[in-house]
Every structure is written in structure tokens, then in C-alpha cells.
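Visitor:
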Amino acid sequence: MDRARHARSVVLVEGISDQIAVETLASLQGRNLTEDGVVVVPIGGARSVSKFLARFGPAGAGLRVSGLCDAAEERHFRRELARAGYARPETRGELEEEGFFVCDRDLEDELIRAVGPDAIEAILAQAGDLASFRTLQHQAAWREAGFVDQLRRFLGAGARRKLRYAGLFVRALDLDRQPRPL
């Protein structure tokens, strides 16, 4: 949180993999978030947003606060924004006007769709994980699942995989077709 002390703007994200994705995209776009006075803060899950809005928002440090949330947490974010002194966003568009963007399912899912299965498999191969992913795909419990569900399980099962692949998936994006929440 020391980085936020000198910030003019804070971007709240649910977890560290989301932070890595946002910071990687900014770097690819030639932005230096530190010079811009922007700090990306992982909040440890959507249910913590009220604490961070209170700390950084109008009743706290008075910084410009924006962020990302998962679709399942949209209603919670709207409610907590209103409690923190923001206009109560009633629609997704109003939520975006406040600087908060909703990820369809979550940011990981947005990235998987944007990058696509073929590119993702190439990334897994290059990282030396494709054989392990294939093993998971052939397990009885996952054989009938779709690619996205298999990949989500694979990323969540390995130590720090979600963190490592967040940046790799962002680097594979066509920057003209990045997910809307980013």
C-alpha cells in the first residue's frame, strides 16, 4: 500500500493475477503507471472493496478510484460504491461512468476468450505446460468439460500458474481487440 501514498489514481482489482494483467497491458501500451500516478491495487476479493473505497475514495484519500469486478460481484460493487459516496450506479453503463468495468465471468475468462484456444495452447507449449494440460484434459472428471473450464482448472491447480499466465495471455493479445474491461 506504500505505492498508493503518492498516487493520484487507484485501480482496484480483485487479485494479483488481475493486477499483473492490468500492469502488463499498460506496459505494452507504453504507459508508465508510476509516472502517471496510477497504482493498481489487488483487494483480495470483491468483498473487500468497501474497505478500499473508504480508504482511497471521497471519504478517504480523495483519489480517483476505478476498477474491475467479476460479473457475479457487479451488484455488490454498485452497492458499495453508493455507500462510499459515489452516485449509485443502477446500470452497467453507469458503473462504467464511475470507472468500474465488469468482466464477463472474470478477467481470466475475458483473456481466454480474447486470446483464443490455439494461441493459448501455443503459449502453454512454449512454457512447457502443454503436456500437463493435456493430462488434465484426459482425466475422467475433465474429459467432457469445455476448453475454458479445463483451462481455468489447470491454471488454478498449479502453484502460481494464474500469476504467470496472466502476463503471458496479455502479451498474446491483439491490442486492437483487448477485452473491454481492460
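Going by UniProt numbering, the first residue of the sequence shown is number 1, and it counts up by one from there. All residues carry an ideal CB built from backbone N, CA and C; glycine is no exception.
#1: For residue 25, does the count of other Cβ atoms within 10 angstroms reach 16, so buried, or fall short, so exposed?
#2: With burial defined as no fewer than 16 other Cβ atoms inside 10 Å of the residue's Cβ, what is the status of residue 14: buried or exposed?
#3: Flag this pair as touching only if the segment 25–43 and the segment 143–158 have three or more C-beta atom pairs under 8 Å; answer yes or no.
#4: Identify, in the order they occur along the chain, each residue of the same chain with its Cβ nearer than 8 Å to the Cβ of residue 39, setting aside the five sequence neighbours on each side.
#5: Examine the Cβ distances between the segment 78–88 and the segment 49–60 and report whether three or more of them are shorter than 8 Å.
#6: Let me confirm a value: residue 78 is counted as buried when at least 16 other C-beta atoms fall within 10 Å, else exposed. Which label applies?
#7: With a threshold of 7 Å on Cβ separation, who are the neighbours of residue 63 within its own chain once the five nearest residues in sequence on each side are excluded?
#8: How about residue 155 and residue 121: are their beta carbons less than 8 Å apart?
#9: Decide if residue 23 is buried, meaning its Cβ has at least 16 other Cβ atoms within 10 Å, or exposed.
Guide: Put simply:
#1: Along the sequence shown, one-based indexing puts residue 25 at 25. Its Cβ being crowded by 16 or more others within 10 Å, residue 25 is buried.
#2: For this step, residue 14 is matched to residue 14 along the sequence shown. Looking at its Cβ environment, which holds 16 or more other Cβ atoms inside 10 Å, residue 14 is buried.
#3: no
#4: Residue mapping note: residue 39 aligns to position 39 of the sequence shown, counting from 1. If we look at residue 39 and ignore the five residues flanking it on each side, its Cβ neighbours are 3, 4, 7, 9, 10, 11 and 33.
#5: yes
#6: For the purposes of this step, residue 78 is taken as residue 78 along the sequence shown, with counting starting at 1. Buried, since its Cβ has 16 or more Cβ neighbours within 10 Å.
#7: Locating residue 63 in the sequence shown gives position 63, where the first residue counts as 1. Result list for residue 63: 7, 8, 9, 10 and 56, in chain order.
#8: Here residue 155 is taken as the residue at index 155 of the sequence shown, counted from 1. Here residue 121 is taken as the residue at index 121 of the sequence shown, counted from 1. Contact: no.
#9: Mapped onto the sequence shown, residue 23 falls at position 23. When all chains shown are included, residue 23 counts as buried.
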